[in-house]
Amino acid sequence: MEAELEALVVLARAPGIGLRRVRRLVDRHGGAAEALGALRRAAPDDLRAARSLLRAARAKGIRVAGYTDCGEAAYPAGLRDLLDPPPLLFKRGPGTPDSERAIAVVGTRAASSYGLRTAYALGRELGRWGWTVVSGMARGIDAAAHAGVLDAGGQTIGVLGTGLDREYPAENRDLYRRMRSHGLLLSEFEPGAPPTRSAFPRRNRVIAALARGVIVVEAGGRSGALNTADHALDLGREVLAVPGRIDDPGAAGCLRLLRQGAGLVAGVQDVFDALGWLCLEPPAGPEEGSAPAVDGSSGDRRLLGALSRGPRSPDELALGLDMPVTKVLGGLGRLELEGWVERRPGGSFATVRRRGGR
338 MEAELEALVV
348 LARAPGIGLR
358 RVRRLVDRHG
368 GAAEALGALR
378 RAAPDDLRAA
388 RSLLRAARAK
398 GIRVAGYTDC
408 GEAAYPAGLR
418 DLLDPPPLLF
428 KRGPGTPDSE
438 RAIAVVGTRA
448 ASSYGLRTAY
458 ALGRELGRWG
468 WTVVSGMARG
478 IDAAAHAGVL
488 DAGGQTIGVL
498 GTGLDREYPA
508 ENRDLYRRMR
518 SHGLLLSEFE
528 PGAPPTRSAF
538 PRRNRVIAAL
548 ARGVIVVEAG
558 GRSGALNTAD
568 HALDLGREVL
578 AVPGRIDDPG
588 AAGCLRLLRQ
598 GAGLVAGVQD
608 VFDALGWLCL
618 EPPAGPEEGS
628 APAVDGSSGD
638 RRLLGALSRG
648 PRSPDELALG
658 LDMPVTKVLG
668 GLGRLELEGW
678 VERRPGGSFA
688 TVRRRGGR
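So for the sequence shown, the numbering used here puts the first residue at 338; every next one is plus one.
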């Protein structure tokens with residue numbers, strides 16, 4: 338099957354063909370090698386370059402999946418619903434998600450503390466119930482959703498608009514580390530590929546195709562998350578949205594989706610109802626040794642120390658401790674689950690008085 342994978346690389350790189358035509362050619366001829374032979378474009382230099390790419394990817398711990406079920410990793414079935422599926426998919430991380438229970442959680446990079454809290458809480462609860470959360474590894478809503486799932490010991494997929502050997506944005510470096518250890522990172526772009534304006538809309542269609550539905554947590558009127566929702570509608574996936582304030586420009590996209598018939602999400606039960614999933618088994622808790630803390634136990638101790646001086650909001654904690662809000666939310670989520678802190682009305686957090694000297 339290595340020759341088939343090399344042929345897919347050559348087709349994907351061939352100028353003037355495009356992803357839709359690659360699919361048509363491969364389907365018509367019954368394989369990439371046959372399609373390449375029919376085109377008479379298998380130049381020796383192209384094949385050598387393809388072998389070099391595959392060797393370099395594997396040397397970095399990256400597995401490769403091909404549209405024609407070749408390669409060392411499985412090609413996700415949902416991507417075959419696309420008119421322009423990626424000929425190649427690069428994978429990194431040990432995650433083994435359940436395609437029957439996958440939901441995308443997306444939203445703006447310029448998220449409010451409300452949006453970040455909501456994305457984190459949805460990710461955590463979906464992870465506890467055994468659902469795989471798909472998102473785009475961007476700052477803001479994406480990062481908060483991934484962190485919530487990881488803190489619950491659940492499965493999460495990060496779809497990149499760059500090569501898998503890049504960490505973009507750099508502020509998500511800790512999240513990338515966790516995803517490589519406990520999640521799954523995917524990209525249709527070759528290792529080394531930089532972020533470009535056209536790459537992220539392409540990434541968005543993959544996010545939509547991998548999931549049974551898309552939840553938009555917070556999005557302005559021109560947010561890229563709306564592009565993901567559009568792809569979901571084209572694919573016949575469910576589109577859901579979290580409501581926001583009517584006077585908040587950052588909620589304009591979600592409100593528009595709700596007016597257009599998207600399902601309203603106020604909690605995970607709304608998600609399960611929309612997808613027709615019955616919650617028959619109790620939610621899973623984090624497995625021992627599953628996902629390490631985003632900022633380690635020292636970060637949690639810093640949060641407790643700051644909260645010992647009185648209730649604080651996540652934004653206040655992030656500013657006072659010089660910590661990214663997503664890390665603050667991750668730490669607060671763990672401390673809340675363990676009973677060290679509690680959520681107060683208005684979104685602030687405070688320490689809980691422990692019995693027995695703890």
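We put the CB at the ideal spot given by N, CA and C, even for glycine. This one's a predicted model, so the numbers in the text were calculated from it and none came from an experiment.
Would you give the residue range spanned by the alpha helix (DSSP H) that residue i belongs to?
i, result
"residue 441", "Note, residue 441: premise wrong, no alpha helix (DSSP H); beta strand (DSSP E) at 439-443."
"residue 469", "No alpha helix (DSSP H) contains residue 469, which is instead part of the beta strand (DSSP E) from 469-472."
"residue 696", "Within the shown structure, residues of the chain are numbered from 338 to 695, placing residue 696 beyond reach of any answer."
"residue 673", "662-674"
"residue 458", "450-465"
Within the same chain, show all residues whose beta-carbon is closer than 8 Å to that of residue i, passing over the 5 residues directly before and after it, in chain order.
i, result
"residue 575", "549, 550, 551, 569, 600, 611, 612"
"residue 297", "Given that the chain is displayed from residue 338 to residue 695, the structure contains no residue 297 and the question cannot be resolved."
"residue 648", "681, 685, 686, 687"
"residue 665", "640, 651, 654, 655, 658"
"residue 620", "462, 465, 466, 467"
"residue 689", "676, 677, 678, 679"
"residue 645", "688"
"residue 582", "588"
"residue 440", "463, 468, 469, 470, 471, 548, 549, 550, 551, 552, 608, 612"
Name the residue from the options whose alpha carbon lies nearest to the alpha carbon of residue i.
i, options, result
"residue 447", "459, 554, 673", "554"
"residue 332", "490, 530, 418, 556", "Residue 332 falls outside the range modelled here, since the chain spans only 338 to 695, and no answer is possible."
"residue 382", "414, 346, 359", "346"
"residue 683", "651, 495, 588, 535", "651"
"residue 462", "473, 432, 493, 477", "493"
"residue 350", "527, 546, 580", "527"
"residue 445", "636, 455, 439, 436", "455"
"residue 431", "377, 495, 415, 386", "495"
"residue 442", "473, 465, 451, 467", "473"
"residue 540", "423, 394, 435", "423"
"residue 392", "339, 657, 546, 538", "339"
"residue 542", "644, 482, 590, 421", "421"
"residue 512", "477, 410, 641", "477"
"residue 567", "689, 419, 482, 470", "419"
"residue 505", "518, 491, 537, 482", "537"
"residue 597", "584, 580, 606, 607", "580"
"residue 499", "417, 522, 363, 582", "522"
"residue 674", "416, 606, 514, 458", "458"
"residue 661", "509, 582, 517, 386", "509"
"residue 434", "535, 663, 547", "547"
"residue 663", "534, 475, 491", "475"
Should residue i and residue j be called a contact, given that it needs their Cβ atoms to be closer than 9 Å?
i, j, result
"residue 402", "residue 373", "no"
"residue 525", "residue 686", "no"
"residue 578", "residue 592", "yes"
"residue 487", "residue 520", "yes"
"residue 587", "residue 449", "yes"
"residue 460", "residue 489", "yes"
"residue 355", "residue 405", "no"
"residue 471", "residue 485", "no"
"residue 572", "residue 545", "yes"
"residue 361", "residue 400", "no"
"residue 614", "residue 438", "yes"
Grab the span of the beta strand (DSSP E) containing residue i for me, first residue to last.
i, result
"residue 688", "686-688"
"residue 565", "Counting along the chain, residue 565 falls outside any beta strand (DSSP E), though it belongs to the alpha helix (DSSP H) covering 561-571."
"residue 428", "425-429"
"residue 405", "First-last for residue 405: undefined, no H or E at that position."
"residue 679", "678-680"
"residue 551", "550-553"
"residue 577", "575-578"
Who are the Cβ neighbours of residue i in its own chain at under 6 Å, not counting the five residues just before and after it?
i, result
"residue 342", "403, 407, 408"
"residue 589", "557, 558"
"residue 366", "372, 375"
"residue 482", "442, 456, 460, 470, 472"
Excluding sequence positions up to five away, which residues of its chain have a Cβ less than 7 Å from the Cβ of residue i?
i, result
"residue 626", "Legend: pLDDT at residue 626 = 44, less than 50; position of this residue unreliable, no value from coordinates given."
"residue 609", "616"
"residue 388", "343"
"residue 359", "348, 349, 424"
"residue 669", "640, 651, 678, 686"
"residue 501", "399, 427, 429, 522, 524, 528"
"residue 436", "413, 414, 415"
"residue 370", "340, 341, 344"
"residue 397", "502, 528"
"residue 605", "459, 462, 463, 466"
"residue 595", "578, 580, 601"
"residue 363", "369, 372, 404, 405"
"residue 357", "420, 421"
"residue 390", "346, 527"
Quiz item: In chain order, which continuous runs of the alpha helix (DSSP H) of length 4 or greater are located wholly inside the region 477-538?
Solution: The region 477-538 is shown to contain whole alpha helix (DSSP H) runs of 4 or more residues at 478-488, 510-519, in chain order.
Exercise. Enumerate, from N- to C-terminal direction, the unbroken alpha helix (DSSP H) stretches of 4 or more residues contained entirely within the region 347-373.
Key: With a minimum length of 4 residues, the continuous alpha helix (DSSP H) runs that stay inside the region 347-373 are 356-366.
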